[in-house]
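J.: The opening position of the sequence shown corresponds to residue 1 in full-length UniProt numbering, with each subsequent residue numbered one higher.
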Amino acid sequence: MPFPFRLIGDLLESLDNVRHGPAQNGAPYHVVVADWFRLHRQRLHAPETDACAVLSTLLPERRTDRVFFIQTTKLEGIIGQALTLGASRVKELRRHREPGLGIDLADCVEKLLFVTPNPVSDGVTVEAIDVALGEVASRCKFSSPAVRAARKRTDGWSTQEALGDIYRQLSARDAKWFTRLVLKDFQGAALDHDQILRHYHPLLPQMLKIRDDLGLTTAFLRQIRHKQDDYGHIGSILKPKLGVKVGRQPWYKGRSIKHCVDMCRRRTVSCEQKLDGEYCQIHVDRSKGRQCIQIFSKSGKDSTADRIGVHDAIRESLRIGKSDCPFKYGCILEGELLVYSTKDQAILPFHKVRKHVSRSGAFLGTEYDSQPHDYEQLMIVYFDVLLIDNESMLPVRQTERRKRLAELVTCLPGTSDLVPHELIPFTKSTAPAQLRTAFAASIVSRTEGLVLKPDGPYFDFSSVPRPHASGNIKLKKEYVQGWGDVGDFAVVGASYDATKAKSYPLPPPRWTHFYIACLKNRIQVLAKNEKPQFWHINVVELNNTLMSSFQRYCRPVEVAFHENDVFDIDAKSFGGSNKPAVIFVEPLVFDMRCFSFDKNSNSPFWSMRFPMVSKIHFDRSFLDTMTFEELQATAEESAAVVEQEDSQELRRWISGLEEADPRGVAVDAISSQGTFSEACLTPSPVRRRNLKVSRALGAIVEEPPTAPDATTRSGGNIRGRLPMTPPRSSAVQVTEACAETPDQREDDSSEARKCAAEPSMPSLSRKKSCSKPSARQSRQTSAPGGLPGPSQARSHGRSPLSEVGLNISFHDHRLSQTRPGDQSPPVHDADSPQALCRSSPNPQHDGSNSRDQQMRTESRSRVQKQADVAVSPGASQASACPHRGSGCALAGRSVLLSPCIASYAFVSETLLHAHGIDHWTTDPTHWSPCSRLGVVTRGLPASSAPAHSSAPAIVASSNQEHQSSRHSHDVSARRTSEHLRGPKTRKICFVESRRKEATAAFLKVIEETNLRKDASSRKSRKRRRGSPRRTSQDQTTEAVGRRDWVAVYDWHVLEVLTDVEMGKIPMPKTDPWRRFWVGLA
């Protein structure tokens, strides 16, 4: 026999008791559902039971094709007439309108029928109710064409008769749930769709994803002969069908860059631009001739007739009707419908769509819109393909689907296009920086946001689904905490909705909807010349927390809307929305946030799109809120098209995204990867691999590679347009993040994450939090104000650079080893050409060999003069920093500028001069000590020495002419080198990272210079006890044989450092050296 409706009532009543009853009473929600299906399994699968009718009754929200056009007020009249209620009972039926009672229309119907019940009847079945509701929907023009075409009765059978017959047969309890079924709102007993479908049949959720039609899917379900747990074959069993909508993928909201990284789970994703239009699923069936196009909207409705304006664009882009049409039978595509202006050569805002697209034949909300102009046209932008001829594309990876889509679509300007996209491999440590830059660029260009799509099948039908395996991630600026704030707004009135009031797990509220408005005459009101005039903007609701606060602390004085004489509200501002029931004599103040701005239906002004209340202010007046003019100016600025991208604004958004990650620490800010690639050109940090924390030194260092060729390996992820140098001569080494296992990376970087938990603090402070500093470390000082430099806090016990891995941190070095009380003059370290060429007198030298001493003195004087005359970037700081002195972040820096930056006076004359730097260079060969000594380094031919290398080979000539004094000279050279120990002059290069190709070429020039260490390297002076003594020439040749490294930063770091040291801004939370890091050369 058919399925009785009372059994549906049993389930809904039990679930309602679970939701609203005490937690200790009754079984959990999922247990109640499982028990109900187990009890009625035989009836549910009986041949005479209509599965589609049962599921349509349990899940009325899925039937978007059915529109009843019945709201509470209309249903009151239907029920009153069906039950022949008198005036007193009709008044009882309308008690749900009274604020604060916490009952709805269904509760009132139950109470009426409980007092005067209908005759007992068990004949009401689910199938009969489904037929009645189908007939009601077929009479509404907003239902889908298929539902309207299924109308069976053509006589005078009305909606009143169809529903009245059912009401007269139902019990009090069943009438309550039938009322909520008609209104499509089960409230507290709302069922979980996936759980209901899975309990009915294990394959039903997956099947509805492929064919989102309950009638067709349940009919096909009976034909399946596979086992119920055979999930893996669902893709081969059922394919998409032309004319039947394919279900949509699950969607998730990205709250931050870290949140997106966690959801992507080390997979490659396609990063697409999110377009602000209307979703279209386009079915093309060439067998239907001219009527081959069918379009489904996001809700699942057939909107082919409403979107007839885009049919020609689809035909042209797919070459339908032409001999070169790329498919034979048909296809299913996904795209976004937009309005394009040929006059402005741009896509128009979302509110322009409604005057080009009708709603079931009617243009709604266009009272204040302009007429469609001849330069406006509908455009389709495709982003996926689901079916080509008889080939299902659902099991195909996203990148392959994108290639097939590009083969199908012909892009025509202003008519059709493919959505812009780029691939981001989250297996690489550069992925967060790449995503952050793309997201910041979308914000600057005023687009809606990004969509991240995993490179996998359209649906995940595996037996053990992976989290977010086939789900798309929406990343919008407003999803980030605190980024959608608009301002304070006045709340002028409120209204009550019984259905919404029952959804709160609180005492019944008096008001559920609040009317937001803007003051139009603030100046006149402050002068007390006029009565306040408001323009209604939006209607908002409160969440549970804010509603609880409102009930506890807000007691506004209210008057009826028609009795209001306190202030004026423009009647035209309400448009088609309902007016408030009451007016607050003293308007409240809500802090609002929204996703964007839009022009509502029948409104000529901007208002908030998807507004939400973030806070209720109890200490502010409506005179402190945003005025109408301020709101319009804010909306216009937000919607304005950017003519030229602003690099400063882009970097501000990048910095903001870094701080938006949990605890204000960027997800990739644990360490900076010391490699150079295209992704590193963006000034954002990336994670290093194989990091290790040395507790003895308190610094982050990299464990040397164990493989012999580990330091010469390079990754394959650098784009082809970037110059590459051979591994033997290149100082740029790219490491593959995917070469290590997650467990290894977690273990190696666990301590590093602890040290980098607070990037805004000096590196020295972070080290103290991880390990106990040594006495040597405790004497190291940092820049005033806690400004970490690129050479701050390096441990004194470092290894030779040739033995240290590439990715050593450049933002943890020590700025200075000089204690505050030391007044000794500054001396140059080994990396400085002056230091290499100078020597000091030996106080303990025996004066017997006066001739040798005199010749050495003359040689030193000759080298000294040449070193003083030579232009050396090692002496960049001609004068001390006027703001921080020796504590300047650029103290002891030798500066190299890229040619494009050198021609920028703001950098070369203003920013550098603000730090006392008046000398710099654009030629990296000025850094080569070999060019001044004439020493041929290992692996560097003499012919390759720079042209300006004219300094005599002092060490070599001295040894040739004075063989007898070799020992004395060695002792003098060693003591001279020891005397020159001091703060090391660090080499630093500033570039414009946005010019990626120019920057890559300039860094290649630095590499080809083949910079080498000089003779005063500490490690080169050490020798084992008992080893044969080496000559000074041997020591020098060995010392200069080691590579030297140049830290490369974007020049915008100078702006931040200058503002911090001048006291204009506080120290940013994100280390500026880490933020503007580019790489090593």
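Glycine included, each C-beta is placed from N, C-alpha and C at the ideal position.
#1: Rounding to the nearest angstrom, what Cα-Cα distance links Gly289 and Ala639 in this structure?
#2: Give the DSSP bridge partners of Glu272, in chain order.
#3: From Val396, Gly86, Ser894 and Thr921, pick the residue whose C-alpha is nearest to that of Ser903; which is it?
#4: So does the region 548–556 actually touch the region 527–538, counting three or more Cβ pairs closer than 8 Å?
#5: Hey, quick one: how far does the beta strand (DSSP E) through Cys989 stretch, first residue to last?
#6: Going by C-alpha distance, which of Ala498, Ser894 and Cys900 is nearest residue 1087?
#7: Which partner residues does Glu278 have in the DSSP bridge list?
#8: Going along the chain, which unbroken runs of the alpha helix (DSSP H) with 4 or more residues stay wholly within the region 148–215?
#9: Should Asp213 and Val261 be called a contact, given that it needs their Cβ atoms to be closer than 7 Å?
#10: Measure the C-alpha to C-alpha separation of Gln434 and Ile654 and round it to an integer number of angstroms.
#11: I believe Ala517 touches Ala490 by the beta-carbon criterion, under 8 Å. Please report the beta-carbon distance rounded to the nearest angstrom.
#12: Please state whether DSSP places Leu11 in a helix, a strand or coil.
#13: When the Cα atoms are used, what is the spatial distance from Ile8 to Arg66?
#14: Are the CB atoms of Asp302 and Pro145 within a distance shorter than 7 Å?
#15: Is it buried or exposed, Glu135, if we count other Cβ atoms within 10 angstroms and call 16 or more buried?
#16: From Ala527 to Ser596, what does the alpha carbon distance come to, in whole angstroms?
#17: Ends of the alpha helix (DSSP H) at Arg593?
#18: Is it buried or exposed, Leu405, if we count other Cβ atoms within 10 angstroms and call 16 or more buried?
#19: Cys108 lies in the alpha helix (DSSP H); which residues open and close that run?
#20: Just to confirm my understanding: we take Glu649, look at its own chain, exclude 5 residues before and 5 after, and list those with CB closer than 6 Å. What are they?
#21: Identify the continuous beta strand (DSSP E) that holds Ser894 and give its terminal residues.
#22: With C-beta atoms as the reference, is Pro580 less than 7 Å away from Tyr515?
#23: Give the C-beta separation of Val1056 and Pro1066 to the nearest angstrom, bearing in mind that I take them to be a contact with Cβ-Cβ under 8 Å.
#24: Per the DSSP calculation, Arg359 is bridged to which residue(s)?
#25: Tell me the residue span of the beta strand (DSSP E) that contains Tyr1049.
#26: Find the nearest neighbour of Val1053 within the set Asp565, Lys1064 and Phe1076, judged by alpha-carbon distance.
#27: Counting contacts by CB-CB distance shorter than 7 Å, is Lys531 in contact with chain C?
#28: Do Asp598 and Lys615 have their CB atoms nearer than 7 Å?
#29: Quick one: give me the first and last residue of the beta strand (DSSP E) that Ala560 is part of.
#30: Check each candidate in Val539, Ala660, His199 and His356 and name the one with the smallest Cα separation from Met608.
#31: Whose CA, out of Val665, Ala189, Val419 and Phe5, lies closest to the CA of Thr49?
#32: If we ignore side chains and look at the alpha-carbon of each, how far apart do Met626 and Met393 end up?
#33: Got a sec, what are the start and stop residues for the alpha helix (DSSP H) Leu386 sits in?
#34: Please identify the residue among Tyr382, Gln398 and Ala440 whose C-alpha is closest to the C-alpha of Thr415.
#35: Do the region 33–47 and the region 269–276 make contact, defined as three or more Cβ pairs closer than 8 Å?
#36: Would you say Pro240 and Ile308 are within 7 Å of each other, going by their C-beta atoms?
T.: Let me lay it out:
#1: 42 Å
#2: His421 and Val451
#3: Thr921
#4: no
#5: Arg986 to Val991
#6: Residue 1087 cannot be examined here, being either before or after the span of the chain that is shown, 1 to 1081.
#7: Leu337
#8: 159–167, 172–182, 193–200 and 204–210
#9: no
#10: Between Gln434 and Ile654, the C-alpha separation is close to 11 Å.
#11: 5 Å
#12: helix
#13: Distance between the alpha carbons of Ile8 and Arg66 is about 20 Å.
#14: yes
#15: buried
#16: 33 Å
#17: No alpha helix (DSSP H) holds Arg593; the beta strand (DSSP E) holding it covers Val582 to Arg593.
#18: With a threshold of 16 other beta carbon atoms within 10 Å, Leu405 meets it and is buried.
#19: Leu105 to Val115
#20: Val444
#21: For Ser894, the enclosing beta strand (DSSP E) stretches over residues Arg893 to Leu897.
#22: Yes, Cβ-Cβ distance for Pro580 and Tyr515 is below 7 Å.
#23: Actually they are not in contact, since the Cβ atoms of Val1056 and Pro1066 sit about 11 Å apart, beyond 8 Å.
#24: Ala362
#25: Ala1047 to Asp1050
#26: Phe1076
#27: The structure shown contains no chain C, having only a single protein chain.
#28: no
#29: Per DSSP, the continuous beta strand (DSSP E) segment holding Ala560 begins and ends at Glu558 to Ala560.
#30: Val539
#31: Phe5
#32: 51 Å
#33: Where Leu386 is concerned, there is no enclosing alpha helix (DSSP H), although the beta strand (DSSP E) it sits in stretches over Glu376 to Ile388.
#34: Tyr382
#35: With the rule of 3 Cβ pairs closer than 8 Å, the region 33–47 does not count as touching the region 269–276.
#36: no
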